[in-house]
Each structure stands twice: as structure tokens, then as C-alpha cells.
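The numbering of the sequence shown is this note's numbering, which starts it at 68 and goes up by one. What follows is a short report on a single structure.
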Amino acid sequence: MKIIGIDPGLIQTGFGIINISNNQTTLIDYGIIKPQAKDTLANRLLTIFNDVCEIISNYNPQIFAIEEVFMAKNASSALKLGQARGAAIVAAKHCRLDVSEYSARKVKQAVVGNGGATKEQVQHMVKQLLKLPSSPQADAADALAIAMCHAHMRQNLIRIAGASHSRRGRIS
Numbered sequence: 068m069k070i071i072g073i074d075p076g077l078i079q080t081g082f083g084i085i086n087i088s089n090n091q092t093t094l095i096d097y098g099i100i101k102p103q104a105k106d107t108l109a110n111r112l113l114t115i116f117n118d119v120c121e122i123i124s125n126y127n128p129q130i131f132a133i134e135e136v137f138m139a140k141n142a143s144s145a146l147k148l149g150q151a152r153g154a155a156i157v158a159a160k161h162c163r164l165d166v167s168e169y170s171a172r173k174v175k176q177a178v179v180g181n182g183g184a185t186k187e188q189v190q191h192m193v194k195q196l197l198k199l200p201s202s203p204q205a206d207a208a209d210a211l212a213i214a215m216c217h218a219h220m221r222q223n224l225i226r227i228a229g230a231s232h233s234r235r236g237r238i239s
């Protein structure tokens, strides 16, 4: 199963695509969508939409995972980030993908083991877990971490569902 993770942003949107097969995670691709700095907000959003559609078309992932919006100190920044998220989500739905959303804290917890991890710690763990020769750029590493978080959450749900039965409140 291929999973695309998106770390949205108006300046840079990170993407990462992984494959899960037989409980093994392998890297397919990662990178940055970088709208032109001089573009209007509408054109930046269009770039994100078009590029996400193209990436989905090229790699045919089955799952789309994205970071939830968080309330930043600056409400204007949070609103703009939400618009970038929206463009990516609409691209996913346009391509008929279901969308899963994860908080930054949950992503960090799943990949690093600490919900308060730094960007550098996330980059390091992504590098280690995917056996990369060097750390990906921060936004791409975050996108890969989001995809890996989805894989982790999915594996936990499968494990729980696989419990054969419950007896006296215990799962066996």
C-alpha cells in the first residue's frame, strides 16, 4: 500500500511517499512543492493543487495523510496555512483519495516517540527508519513522518482488530 504524506505550507509544501508491504516500510519518493515567491496567494494555492494532483497521478497512492492545522501565535499565518492545507486536500479528493489527518504531536509521537520532538529529531528518525544516506529537508521529512504516522496508526488498528476475542475484559 502506498501512502502519500503532505506537510502543507504556502512557501514550501513537503511531500513524501512510502510503501508498506509485509510490515516493511520503503521509501518511494519525497520532495518539496515550492510556489513562486512573487505569485499571488491564489496562484500559490493553484500550484499546490496542481502539483499534488500530478504527484498523485504519477505514484498512485492509496492513502493521503496530511498534518492538521494548529493555532499559531499569528492568526493570519494559521489562516494561510489552512488555505494551503485546503488546496492539498481538495487535490486528494479530486483524485478520489480518502484523507486522514494527524496532529503534529501525534506524528512526532509515532515517529520519534516524543510528541514534543524538534524538527531535527524528526529528520534524524526519518533518515534512520527509511535508511536514507542523509536527512531530507525539514518539510519533506515532516511529510514522510506524516505518512509513517498513518502506517503506524493503521498497523495498530489491524493489531487491535486481530485480537481473536475478549474474555472477562481481557483481549486474547
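Even glycine gets a Cβ: it sits at the ideal position worked out from N, Cα and C.
Test item: CB-CB of residue i and residue j under 7 Å
{"i": "Val179", "j": "Val193", "result": "no"}
{"i": "Phe82", "j": "Ile130", "result": "no"}
{"i": "Tyr97", "j": "Leu211", "result": "yes"}
{"i": "Glu149", "j": "Val136", "result": "The sequence shown places Gly at residue 149, not Glu. Yes, they are a contact pair."}
{"i": "Met68", "j": "Ile87", "result": "yes"}
{"i": "Ile213", "j": "Val174", "result": "yes"}
{"i": "Ala177", "j": "His219", "result": "yes"}
Expected contact under 8 Å - CB spacing of residue i and residue j to nearest Å
{"i": "Ile73", "j": "Thr80", "result": "6 Å"}
{"i": "Cys28", "j": "Ala158", "result": "Coverage of the chain is limited to positions 68 through 239, which leaves residue 28 absent and any answer about it impossible."}
{"i": "Gln204", "j": "Ile99", "result": "6 Å"}
{"i": "Lys147", "j": "Leu77", "result": "5 Å"}
{"i": "Pro102", "j": "Thr114", "result": "4 Å"}
Secondary structure of residue i, DSSP reduced to three states
{"i": "Ile213", "result": "helix"}
{"i": "Asp165", "result": "coil"}
{"i": "Lys198", "result": "coil"}
- Message: Extract the residue ranges of the alpha helix (DSSP H) inside the region 128-158, only unbroken runs of 4 or more that lie entirely within it.
- Response: As summarised for the region 128-158, there are no continuous alpha helix (DSSP H) elements at least 4 residues long confined to that stretch.
- Item | In chain order, each beta strand (DSSP E) run of at least 3 residues that lies wholly inside the region 86-127 | Runs of the beta strand (DSSP E) lying entirely within the region 86-127 and spanning at least 3 residues, in chain order: 91-100.
- Three or more C-beta pairs closer than 8 Å, one from the region 166-180 and one from the region 83-96: is that the case here? A contact is defined here as three or more CB-CB pairs under 8 Å, and the region 166-180 fails this definition with respect to the region 83-96.
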